[in-house]
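Read the structure below first, then the notes.
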Amino acid sequence: MEEKKRLIYPDLLRIISIFSVLVLHAVGEIWGDIPIQSKSWVALVAIDGMFRFAVPVFVMVSGMFMLSPQKDRGIKELYSKKVLRIITAFIFWSLVYTFFHLASGFVTEGVSFKPDFQLTVNGFLLGEYHLWFMYMIAGLYIVTPLLRKIVEKKSTMQYFIFIWFIFCIVANFTGLIPVIGNKIYGFIDLFKISIAVQYSGYYVLGYYLHNYTVKKPIKAAVYFLAILGTLGIVGVTVFTSFRSGETVSKYLGYLLPMTAFQSAALFLFFRDKFENFNPSKKVQKAIFTLSKISFGIYLSHILVMKAVEKFCHMFLPLPPYALFGALLISAAVISPLISYLLNRIPGASKYIV
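Under our numbering, think of the first position of the sequence shown as 5, with each following residue one higher.
In structure tokens, the structure reads:
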């Protein structure tokens with residue numbers, strides 16, 4: 005029997021998504037230090053707007069695999085492998101970040117530093133700001149057995165995606181419309197459907213786009229709306245920020261139509277262009293390795309950025325745009341190395357990366 009070849013396009017999507025996360029967080033670290041209306045600030049808004057697909061595409065790739073009938077090994081295995089890994093990884097990395105912040109306090113303030121116990125405990129329980137993803141993905145794993153029932157029938161899956169798009173994605177967008185937006189959103193929110201769907205929509209969408217052909221006119225519309233949406237969120241963010249005199253980031257959310265179309269377009273593009281991609285063995289190995297360590301890169305990259313930022317502020321002050329480059333390059337080099345080394349430790353790849 006001929007061995008079934010591994011699909012490469014999901015690995016490519018993971019790689020481009022994790023790189024996009026690094027870009028977004030490098031932007032976030034310096035955004036407040038750059039004057040609004042400067043060319044550098046506008047450039048950062050444009051960069052941020054182009055990479056909003058980062059987390060949604062991660063979720064779509066997870067759904068593509070996790071909702072597959074071949075992955076259904078029962079609830080016990082789901083918890084003992086997938087959910088447990090998220091819990092142990094969160095505990096480990098939250099401890100790492102907690103100790104990092106305590107150490108930073110001692111380095112900055114010396115012996116006079118007195119950590120607030122309650123803030124420290126709360127910080128550990130909530131985790132560093134990017135670890136919100138862990139709670140979200142754990143929630144998706146928990147409801148995966150239910151979502152598998154939804155994806156058994158194409159029509160039911162289409163209905164779920166429609167409900168998600170209207171009551172979550174479009175509803176969130178209406179809340180951004182001046183004057184009447186809050187009233188429209190308030191009415192839609194009365195149904196409380198968005199609470200039940202949110203990121204599960206991306207989860208199911210990834211499975212759908214992988215398994216079903218999208219007609220050319222619909223695909224063309226998705227590409228068009230992705231481009232229009234990207235230009236739109238950049239333009240509206242710049243305009244509203246200029247008018248208010250401070251950064252307005254509410255148009256850059258993950259659960260908005262612009263981001264949804266951008267994410268779907270990228271997924272479709274990679275599926276169409278790379279579904280039958282068959283590179284050399286060396287290239288395959290590099291792709292598979294980067295894909296495998298992407299989770300560890302996500303978990304560790306903020307640690308690298310915070311450490312580099314702290315070092316630069318203390319010993320090597322840099323202008324914001326240079327700091328952006330330093331943060332991005334250091335995270336792109338050091339985080340993969342950290343993840344790769346941890347993956348080589350017995351048990352670490354199973355529980356912490």
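For each residue, glycine too, the CB sits at the ideal point set by N, CA and C. What you are looking at is a predicted structure, and each value in this text was computed from that prediction instead of being measured.
In this chain, F281 is not harboured by any alpha helix (DSSP H), its DSSP state being neither H nor E. Between L259 and N176, the C-beta spacing is below 7 Å. The C-beta of K86 has 16 or more other C-beta atoms within 10 Å across all chains shown, which makes the residue buried.
In the three-state reduction of the DSSP assignment, I306 falls in the helix class. In this structure, DSSP gives E313 a helical state, which the three-state scheme calls helix. Collapsing the DSSP output to three states places G239 in a helix. With respect to the C-alpha of L303, the residue from T293, A330 and P340 having the closest C-alpha is P340. Annotation for Q41: no alpha helix (DSSP H) segment contains it, and DSSP assigns it neither H nor E. The shortest CA-to-CA distance from K158 to any of H105, F265, S198 and N215 is the one to N215. For Q162, the enclosing alpha helix (DSSP H) covers residues K158 to W168. By alpha-carbon distance to S66, the top candidate from N347, L332, S204 and L307 is S204. When DSSP states are grouped into helix, strand and coil, F195 belongs to the coil group. The continuous alpha helix (DSSP H) containing H105 extends over residues L88 to E113.
The three-state secondary structure of G32, taken from DSSP, is helix. Per the coordinates, the alpha-carbon of I154 lies some 55 Å from the alpha-carbon of F319. Taking C-beta atoms as the reference points, Y212 and M140 fail to come closer than 7 Å.
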